[in-house]
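First residue of the sequence shown? That's 61 in the numbering used here, and the numbers climb one at a time after it.
Beta carbons: idealized from backbone N, C-alpha and C, even for Gly.
First the structure, in the form of structure tokens, and then the observations on it.
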Amino acid sequence: MMILSQFINKNQQTCRHIGNLDLAIDKILKILSIFRAKRQIIFHYF
61 MMILSQFINK NQQTCRHIGN LDLAIDKILK ILSIFRAKRQ IIFHYF
């Protein structure tokens with residue numbers, strides 16, 4: 061948590077809205093989970 065707070069403090073100008081940052085992280089996690097699901101399906105067929 062210290063590293064994350066330091067990152068946010070250093071990038072206050074680019075990450076002013078923590079809510080938007082949370083939404084971006086949520087989208088990234090969803091995309092990663094979709095890729096993982098696709099990879100599992102691909103490996104399932106081979």
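Would you tell me roughly how many angstroms separate the C-alpha atoms of residue i and residue j, rounded to the nearest one?
i           : j          : result
residue 86  : residue 93 : 10 Å
residue 102 : residue 91 : 16 Å
residue 80  : residue 63 : 19 Å
Please return the same chain residues whose Cβ sits closer than 7 Å to the Cβ of residue i, not counting the five positions on each side in sequence.
i          : result
residue 67 : none
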